[in-house]
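Quick note: to get the working numbering, add 474 to the position in the sequence shown (first position is 1). Worksheet: one structure, shown below.
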Amino acid sequence: MSNQSSNVTKVYGWETFKVRFDGFESFLNGVMAGHDSVDSPEFSCFGHQWLLNVYCDVEDWDDICVSLRHRSLESIKILHCVSIRSSNGKEIVPCPEVHEETLPSYSIGQCIDRSKIMDALVEGALVIEVRMKQAVGTDLRDMPFVPENPFFKMMHKTFLDEKSADVVFEVSGSDEVRSVGNKRAKKCPTVFHAHRFILQECASTLADLCTRVDLTPVPITDVKPDIFRHVLYYVYGGKLTDEDFLKTNAKEILDAADKYGVANLKLEAEECYVRSTVITLDNVMDNILYADSKNCPLLKEATMDFIVENREEAIEKLSFENFPGHLVKDLLTAVSMEKKEESDAGNLSNTRVSTLRRML
475 MSNQSSNVTK VYGWETFKVR FDGFESFLNG VMAGHDSVDS PEFSCFGHQW LLNVYCDVED
535 WDDICVSLRH RSLESIKILH CVSIRSSNGK EIVPCPEVHE ETLPSYSIGQ CIDRSKIMDA
595 LVEGALVIEV RMKQAVGTDL RDMPFVPENP FFKMMHKTFL DEKSADVVFE VSGSDEVRSV
655 GNKRAKKCPT VFHAHRFILQ ECASTLADLC TRVDLTPVPI TDVKPDIFRH VLYYVYGGKL
715 TDEDFLKTNA KEILDAADKY GVANLKLEAE ECYVRSTVIT LDNVMDNILY ADSKNCPLLK
775 EATMDFIVEN REEAIEKLSF ENFPGHLVKD LLTAVSMEKK EESDAGNLSN TRVSTLRRML
């Protein structure tokens, strides 16, 4: 019986090998003659050598066992399972629950009903899929190194690159002033270089300001330079890792992200603002109106929850004269959600904002 194994695909860290046992039907017929085991050729995965061993269960001749054998000396921790498909690709022996094993050189077996294997034969051959993934905790020093796709790093290097830029912004916040003797004068604007095609994909509203084809500076007067720099840095794939800066300036970053169409940054700033802001009876109405004007559902949900939780004080001390009528439904939703858990998956109106965002 001839055997052939080949690596066919890699998905999210999983490697799948197809191992073919030609003439497997003849092997089954010869089991009674004492030929009760067959090995595949060795194959390489994660820098280690492996093979499949197929044999009959000595305690139950109706079962065929498939064993993944580790042939290298070094240990490795893996997730693994095997599967068998029919000639039309249907999985007739599905992959069982994935197991995690730390392997030196012993093997792991999986028993399969002989009748299912007979149904899976393709012109007398058995094809077995082996799925393997390296588990957390494996020593990576002996692993072959494959560098990551460099596109992100290369693109990130173009941030503020004057040589390749085709857009220039001059940013001067409206309240930016400097002292000159006894006088106060506006500071010189801060210059930022950018690239039109990146802005068009990641900050569409900001890109719409760049109507000139030359490098005539585009004036930005309603955002502070340090805020604008962080927004532009995010547009180029950067992360706002300075938590203190983000907390202190969450509202300004949110405003700028909303104004210039940087949607994900707006969500991040909104979450930080909600997390770092203590909602009180003194500021809840301002926050409701702000959330409504900026379309910030997470902040709106937090303010509605506060009113519901403190309803007695809210009724006594808050004025609802300026409360937008279209927000009454949101307030009633908060009341409804206080009384029951979000268990009805089909009723999205009673689903928390964070849950909805995870579903997108």
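Note that the Cβ used here is the ideal one computed from N, Cα and C, for glycine as well. Remember, predicted model here, so these are calculated numbers, not experimental data.
Quick one: what's got a C-beta closer than 8 Å to Ser750's C-beta in the same chain, skipping five residues either side?
-> Lys721 and Ala724
Which residues mark the beginning and the end of the beta strand (DSSP E) in which Cys770 is found?
-> Run containing Cys770: none; DSSP gives neither H nor E here.
Terminal residues of the alpha helix (DSSP H) in which Ala668 lies | Careful: Ala668 lies outside any alpha helix (DSSP H), inside the beta strand (DSSP E) at Thr664 to Ala668.
Rounded straight-line distance, which links the Cα of Ile550 to that of Gly508 | Here Gly508 scores only 45 on pLDDT, less than 50, and its place in the model should not be relied on; the value that follows carries that caveat. About 34 Å.
In whole angstroms, what is the alpha-carbon distance linking Asp732 and Lys791?
-> 32 Å
Simplified DSSP assignment, three categories, for Glu675 = helix
Pair within 9 Å by beta-carbon distance, Glu726 and Val697 | yes
Straight-line gap, Phe666 to Asp700 (C-alpha atoms, nearest Å) | 11 Å
Sequence-distant residues of the same chain with beta carbon closer than 6 Å to Cys676, five excluded per side | Val709
What did DSSP end up calling Thr807 once you bin it into helix, strand or coil?
-> helix
Reduced DSSP secondary structure (H/G/I, E/B, other) of Phe501 = helix
Shortest alpha-carbon distance to Asn796 belongs to which of Asp718, Lys774 and Leu763?
-> Leu763
Does the beta-carbon of His522 have 16 or more other beta-carbons within 10 angstroms, so that it is buried, or is it exposed?
-> buried
If I'm right that Glu644 touches Pro663 with Cβ under 8 Å, what's the distance once you round it to whole angstroms?
-> 4 Å
Taking only beta-carbon atoms, is Trp488 less than 9 Å away from chain D?
-> Here there is only one protein chain, and chain D is not present.
Spatial neighbours of Ser511 within its chain, please: CB distance less than 6 Å, with the 5 preceding and 5 following residues excluded, ordered by chain position.
-> Tyr529.
Starting from the C-beta of Ile781, find all residues in its chain whose C-beta is less than 6 Å away, skip the five residues before and the five after it, and write them out in chain order.
-> Ala788
Would you check if the distance between the CB atom of Pro515 and the CB atom of Leu525 is smaller than 9 Å?
-> yes
Based on the DSSP output, what are the partners of Met606 in its beta bridges?
-> DSSP lists Glu489 and His554 as partners of Met606.
Can you say whether Asn623 is buried or exposed, counting buried as having 16 or more other CB atoms within 10 angstroms of its CB?
-> exposed
Near Asp766, what residues of its chain come up, given a Cβ to Cβ distance below 7 Å and the 5 sequence neighbours on each side ignored?
-> Lys774, Pro798 and Leu801
On a CA-only basis, which of Val687, Leu741 and Ile672 is nearest Tyr707? Give me that one, please.
-> Ile672
For Ser500, which of Ile538, Glu786, Ala599 and Asp718 has the nearest alpha-carbon?
-> Among Ile538, Glu786, Ala599 and Asp718, the Cα nearest to that of Ser500 belongs to Ala599.
Please report how far the alpha carbon of Leu806 lies from the alpha carbon of Asp779, in whole angstroms.
-> 10 Å
Could you work out which residue in Gln584, Ser546 and Lys590 is closest to Arg559 when comparing CA atoms only?
-> Nearest C-alpha to Arg559 among Gln584, Ser546 and Lys590: Lys590.
Nearest neighbour of Phe794, chosen from Pro771, Ile602 and Asp760 [CA to CA] | Asp760
Under 9 Å between C-beta atoms of Lys661 and Glu489 = Not closer than 9 Å, so no.
Apart from the five residues on each side of it in sequence, which residues of its chain come closer than 7 Å, Cβ to Cβ, to Thr777?
-> Ile753, Val758, Asn761, Ile762 and Ala765
Tell me whether the beta-carbon of Leu739 lies closer than 9 Å to the beta-carbon of Leu714.
-> Yes, the Cβ-Cβ distance between Leu739 and Leu714 is below 9 Å.
Would you list the one or two residues that DSSP bridges to Glu548?
-> None; Glu548 has no bridge partner.
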